[in-house]
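A.B. asks: Quick note on numbering: the working numbering labels position 5 of the sequence shown as 5, and the sequence is numbered without any gaps.
Just so you know, even glycine gets a beta-carbon here, dropped at the ideal spot from N, CA and C.
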Amino acid sequence: MAAAHPGTAQRLLWEALASSRGRTLVNCITTPSQWAVDVGLAARLDIGQEGYIAVRDMPAPAPYLASGHFL
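(1) Where do the N-terminal and C-terminal ends of the alpha helix (DSSP H) with VAL26 fall, by residue?
(2) Just how far apart, CA to CA, sit ALA60 and ALA36?
(3) Only counting the same chain, and skipping five residues up and downstream in sequence, which positions put a Cβ closer than 6 Å to that of ALA66?
(4) If you run the structure through DSSP and keep just helix, strand and coil, what is ALA2?
(5) Would you give the residue range spanned by the alpha helix (DSSP H) that VAL55 belongs to?
(6) How about ARG21: is its C-beta nearer than 8 Å to some C-beta of chain B?
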């Protein structure tokens with residue numbers, strides 16, 4: 001998921017969580033995407049760490065959440 005602004009990304013994540021069924025994993029959250037952690041805490045989700053996103057010689061993408069399907 002990618003957006004132009006963190007506020008837009010938060011709204012998109014809320015919608016994705018609201019429309020999901022069963023277990024949902026939001027992974028590869030980078031430091032610039034702390035807004036995703038805020039959404040998770042507000043939604044009372046379990047917070048843990050699984051996976052990573054590696055970048056070389058470039059800033060971490062934000063606001064952006066990588067999909068495990070593409071990693």
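C.D. replies: Concretely, from the data shown:
(1) No alpha helix (DSSP H) holds VAL26; DSSP gives it neither H nor E.
(2) 14 Å
(3) CYS28, ILE53
(4) strand
(5) Note, VAL55: premise wrong, no alpha helix (DSSP H); not H, not E.
(6) Given the protein chain composition of this structure (a single chain), no chain B is represented.
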